[in-house]
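Novice: Letter by letter, the sequence shown follows residues -26 to -1, 1 to 355 in mature numbering (1 follows the signal peptide of the UniProt record, and there is no 0). I have a structure I would like to understand better, so I am pasting it below and will then ask my questions one at a time.
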Amino acid sequence: VCAGRELSLCLPPLLLVLSVLELSWSLSDEEKKIIVDEHNKYRSQVSPPAMAMMKMTWDKELEALAQSYAEKCIWDHNKERGRRGENLFAMAPTLELEFAVEDWNGEEKFYNLTTSTCVPGQMCGHYTQVVWSSTHQIGCGAHFCEKIDGIETENMHLLVCNYYPPGNMKGRKPYVEGPSCTTCPPGTVCVNNLCEGSAADSAPPWFLLVLLRAGDPVRSAEPALTHSTFHLSPELVVEETTPASVTTKARPSTPATAKPEPTATAKPKSTAKPEPTSTAKPEPTAKPEPTSTAKPEPTPTAKPEPTAKPEPTPTAKPEPTAKPEPTAKPEPTATAKPEPTAKPEPTAKPEPTATSKPEPTPTAKPEPTSTAKPEPTAKPE
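Have a look at this one:
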């Protein structure tokens, strides 16, 4: 019967009413109170204490804005929210509001109030919006989305909270540290470290000036799976995420949240694997370098050592070269040869021999013998 006709024309009126109610489901009064109380709890417990921390109250206009945007199931900040702050949170299979606010406030550990800086690689925008001292109105909306545009996980609850006045003003701290409630605006009273009362008309003029100058000064962030970053205005950054660090309070949130984390983290991990492989290749190349370097080093060192050995050997050789010095001996030999020529001169040596011994012997006897006989032989001539 319904062939070719719209499905709405074929559904009974009761089903249509139920469908509309389900699609337009919003937070209950109890859930709204939980959100407000959780925000004020963390605002009253800031450390160091704040001099003028306003107490938050629920605002229906902010609620309507947040609810209509939550039903769009978009994982991005509402670019038509005007001068309003915004925090996003996604969770599955159920939505735990206390955990959502606790998770936003958990970014406190990454924020340094003294330097007004956040740890690199971490998010602090959700925390700073939760404890932004001048913010005193909040409104939130939630919706179950079969598919959130920007998140791979399906069947998740999307929570959107809007704040006024907005926090995360560039160049400013979320609050001024000092004794609690020492500078509460006129018309307010201090209750549980919070300035309670009508503060909309008592906002200091400097805040209004900053608000007009900042334009759209909202930055909200959620420690999320995708870590997407969006620039909504030149003075601030909007970062969106889903609760990645879900532990005990929300079991369902961990599996659903864990799935997108590994997907986003898995890609860099896989890219990291080729990096070690590429790094491993140069490492083996570095190994042959030391081996090749070690071999030439010992060999050249050993070679010069034997060269040092021949050095002493040549020094030994010049020592025998000193032997030619005895070649000077032939010089005395040449000198000795003329000396033997002088040897005939020492033939006079027989003179001492004849002088000592033969002289006494023939002096007495031969002289008379020879002298007597020859003389008469000359006579017959």
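Here a beta-carbon is modelled for each residue, glycine too, at the ideal position from N, C-alpha and C.
Going by beta-carbon coordinates alone, are GLU72 and GLU12 separated by less than 8 angstroms?
Specialist: Yes, they are a contact pair.
Novice: With 16 as the cutoff for other CB atoms within 10 Å, does LYS29 come out buried or exposed?
Specialist: Its Cβ being crowded by 16 or more others within 10 Å, LYS29 is buried.
Novice: Tell me whether TYR89 sits in a helix, a strand or coil according to DSSP, three-state version.
Specialist: It should be noted that the sequence gives Thr, not Tyr, for residue 89. If DSSP states are grouped into helix, strand and coil, THR89 belongs with coil.
Novice: Kindly indicate which residue of ARG58, HIS51 and TYR85 has the alpha-carbon position closest to the one of PRO94.
Specialist: Minimum Cα distance to PRO94 is reached at TYR85.
Novice: Note down the Cα distance separating GLY171 from THR127, rounded to an integer number of angstroms.
Specialist: Answer to the nearest angstrom: the Cα atoms are 42 angstroms apart.
Novice: Just tell me which of ARG58, THR157 and ALA64 has its CA closest to the CA of GLN111.
Specialist: Nearest C-alpha to GLN111: ARG58.
Novice: Which of helix, strand or coil does DSSP assign to LYS121?
Specialist: If DSSP states are grouped into helix, strand and coil, LYS121 belongs with the strands.
Novice: Beta carbon of MET65: closer than 7 angstroms to some heavy atom of the ligand MG?
Specialist: You won't find the ligand MG in this model; it holds no ligand whatsoever.
Novice: Along the beta strand (DSSP E) that carries PHE73, what are the first and last residues, could you check?
Specialist: Run containing PHE73: none in the beta strand (DSSP E); it sits in the alpha helix (DSSP H), 71 to 79.
Novice: Look up TYR101 in the DSSP assignment and say whether it is helix, strand or coil.
Specialist: Correct three-state label for TYR101: helix.
Novice: Can you check DSSP and say which residues form a bridge with ASN136?
Specialist: GLU60 and GLY113, per the DSSP bridge assignment.
Novice: Suppose the cutoff is 6 angstroms on Cβ atoms and the five residues either side in sequence are ignored; what does the same chain contact list for ALA74 look like?
Specialist: Counting only Cβ-Cβ distances below 6 angstroms, and skipping sequence neighbours, we find PHE63 and LEU133.
Novice: Mapping the DSSP letters down to three states, classify ALA40 as helix, strand or coil.
Specialist: The answer is helix: DSSP assigns ALA40 an H, G or I state.
Novice: How would you call ASN52, buried or exposed, if buried means at least 16 neighbouring beta carbons within 10 angstroms?
Specialist: The residue is buried, with at least 16 neighbouring Cβ atoms inside 10 Å.
Novice: With DSSP as the reference, identify every bridge partner of THR162, one or two as the case may be.
Specialist: DSSP lists GLY171 as partners of THR162.
Novice: Give the secondary structure of GLU51 by DSSP, where H, G and I count as helix, E and B as strand, and everything else as coil.
Specialist: In the sequence on display, residue 51 carries His and not Glu. Three-state result, HIS51: coil.
Novice: Compute the Euclidean distance between the alpha carbons of ARG65 and ASP77, then round it to the nearest angstrom.
Specialist: As written in the sequence, residue 65 is Met, which differs from the Arg given in the question. If I take the Cα positions, the gap works out to 12 angstroms.
Novice: Restricting to Cα atoms, I'd like to know which of ASP33, GLU4, ILE48 and ILE8 is closest to ASP123.
Specialist: Residue ILE48 is the option with its Cα nearest to ASP123.
Novice: What is the DSSP secondary structure of GLU5, reduced to helix, strand or coil?
Specialist: DSSP places GLU5 in helix when its eight states are reduced to three.
Novice: What is the DSSP secondary structure of ASN129, reduced to helix, strand or coil?
Specialist: Strand.
Novice: Buried or exposed for VAL163, going by 16 or more other Cβ atoms inside 10 Å?
Specialist: VAL163 comes out exposed.
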